[in-house]
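A.B. asks: The structure that follows is given in the form of structure tokens.
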Amino acid sequence: MLKLHKYVLTISSTVILLAITSACKSDKGGAGHAGHTIEMPQEHTAIHLNRRMKLLANIETDTARTSWMGTQQAILGTVAIDENKTEEVSARVSGRLDRLFVRNSGEKIRKGQALYALYSEELLIAQNEYLNALELVQTASNPDQTMLRLLSRAKKRLQLWGLTERQIRSLSTTRKADPKVTFYSPASGYITNLKVREGEYVAEGTPLMEIVNLSNVWVEAQVYPNELEYLKAGAPVEIEFEGYPGRMFKGIPAFRSPALEKNSQVYLMRYKVINPTGALRPGMMAYVSLSGAKVKTLTVPKAALLFSEDTAVWVETAPDQFEMRLVKTGLENKDRVQVLSGLNEGEVVVTSGAYLLNSKNIIDKGASHTMPGM
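Rendered as structure tokens:
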């Protein structure tokens with residue numbers, strides 16, 4: 156398919172070139188076209204195109220201008236979970252997982268949403284202890300400090316084992332202990348690393364799952380020693396993501412390894428990226444732009460450059476007149492390139508249609524070389 160696309164592109168360019176050449180011949184000798192006469196210089200260093208030919212060639216231009224240019228390097232990175240935004244959910248008490256309200260990793264969850272229900276004899280005993288202490292306090296005409304401390308300790312145990320204030324109030328109202336207790340999410344985010352299934356018995360402290368908040372994410376990248384010159388302490392960088400081409404995000408340095416990674420010749424860099432909508436997800440590819448020192452210099456768009464044995468641009472030296480110019484280039488970034496010689500500020504360069512101009516120039520030169528032998 157790629158070969159077919161190139162073939163079609165070549166045919167299209169040839170058709171346009173033939174149309175321009177035909178227009179040139181027509182404008183040279185046709186009566187009634189005095190305003191569009193084309194006179195090619197003997198050395199063929201310049202090309203004249205009228206308005207119609209420029210439209211056929213899709214000629215577009217830009218201006219050589221002074222702008223800030225710096226050395227720039229793009230390195231590959233990957234979106235990772237911000238570990239500071241991760242909360243591990245573990246069993247507060249031993250028991251059997253009677254029900255899981257989340258079944259798959261990646262599920263979005265809100266703070267306070269039900270996560271799982273646990274059947275626990277220990278929780279049943281603790282609830283009954285609380286109810287007994289509560290009854291002692293409420294039935295005593297003048298409860299002493301011992302009774303109040305007993306009630307306080309019973310309530311604190313329930314809180315430490317994960318019961319919410321609402322659940323404890325409900326228990327105080329209903330006066331009915333239940334061995335099956337529902338536990339709720341301590342944070343909003345996405346479920347990751349779900350480690351258990353319904354029906355399993357878990358001990359106190361058993362990890363059950365993790366909740367990740369993606370309002371911030373990390374972008375981790377590997378930097379070679381020769382790229383360290385692009386890094387400035389604490390300086391933010393621009394990051395582009397494969398899923399959002401053309402959109403730049405701000406990356407704030409969060410970590411830089413002090414030594415080379417084990418069995419490699421790279422340093423680990425980590426950047427923090429604000430992600431309020433959750434659009435950036437772990438595993439996405441990222442391109443981190445590292446910039447060095449900047450200088451104010453003459454630049455042109457990259458699209459203006461023609462590459463062969465030398466680097467050249469087409470310059471519009473007068474209205475409808477174009478001339479090829481050899482240039483020497485230097486620094487470059489995503490869109491523009493530094494011009495060290497061959498152009499002056501304010502000169503107009505061709506950014507679209509330059510290859511057609513170049514092809515026409517070659518054809519015209521070839522035609523001039525064959526004419527003496529005819």
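Residue numbers are given in the numbering used here: position 54 of the sequence shown equals residue 209, and the series is strictly consecutive.
Think of the CB as a built atom: it goes at the ideal place given N, C-alpha and C, for glycine as much as any other residue.
Once you ignore the five residues that flank K180 on each side, which residues in its own chain have a CB closer than 7 Å to its CB?
C.D. replies: Below a pLDDT of 50, predicted positions are generally treated as unreliable, and K180, at 49, falls in that range; no measurement from the model is reported.
A.B. asks: Specify the secondary structure class of G187 as computed by DSSP and reduced to three states.
C.D. replies: Confidence is the limiting factor: at G187 the pLDDT is only 39, short of 50, which leaves the residue's position unreliable, though a coordinate-based value still follows. Looking at G187 - three-state DSSP - the assignment turns out to be coil, as it is neither helix nor strand.
A.B. asks: Under a three-way DSSP split, which group does V292 fall into?
C.D. replies: helix
A.B. asks: Just the C-alpha distance for T452 and K489, rounded to the nearest angstrom, thanks.
C.D. replies: 16 Å
A.B. asks: Quick check: the Cα distance between F396 and E502, rounded to an integer number of angstroms?
C.D. replies: Our two residues, F396 and E502, have alpha carbons roughly 35 Å apart in a direct line.
A.B. asks: Restricting to Cα atoms, I'd like to know which of V248, V372, G508 is closest to T361.
C.D. replies: V248
A.B. asks: Where Q322 and L291 are concerned, what is the direct C-alpha to C-alpha distance, given to the nearest angstrom?
C.D. replies: 20 Å
A.B. asks: Whole angstroms is fine: what's the gap from N513's alpha carbon to M440's?
C.D. replies: The alpha-carbon separation between N513 and M440 amounts to approximately 38 Å.
A.B. asks: Measuring CA to CA, which of G497, P380, I280 is closest to R480?
C.D. replies: Distances from the CA of R480 to each of G497, P380, I280 were compared; the closest alpha carbon is that of G497.
A.B. asks: Applying the criterion that 16 or more other CB atoms from any shown protein chain within 10 Å of the CB defines a buried residue, is Y399 buried or exposed?
C.D. replies: exposed
A.B. asks: For S514, does the three-state DSSP call read helix, strand or coil?
C.D. replies: helix
A.B. asks: Under a three-way DSSP split, which group does Q314 fall into?
C.D. replies: helix
A.B. asks: Looking at C-alpha atoms only, which residue of S370, V443, A414, V357 is the closest neighbour of R402?
C.D. replies: V443
A.B. asks: Here's a check: name, in chain order, each residue in its chain whose Cβ is nearer than 8 Å to the Cβ of N312, leaving out the five neighbours to either side.
C.D. replies: The residue asked about is misnamed: residue 312 is Arg in this sequence, not Asn. The residues are A281, E284, Y285.
A.B. asks: DSSP state of E320, grouped into three classes?
C.D. replies: helix
A.B. asks: So, are the CB atoms of I264 and S343 less than 8 Å apart?
C.D. replies: Yes. Within cutoff.
A.B. asks: Does DSSP put R352 in a helix, a strand or coil?
C.D. replies: coil
A.B. asks: Is the beta carbon of E353 less than 8 Å from the beta carbon of R254?
C.D. replies: yes
A.B. asks: Return the CA-CA distance between Y345 and L305, expressed in angstroms with no decimal places.
C.D. replies: Near 39 Å, if we compare the C-alpha coordinates of L305 and Y345.
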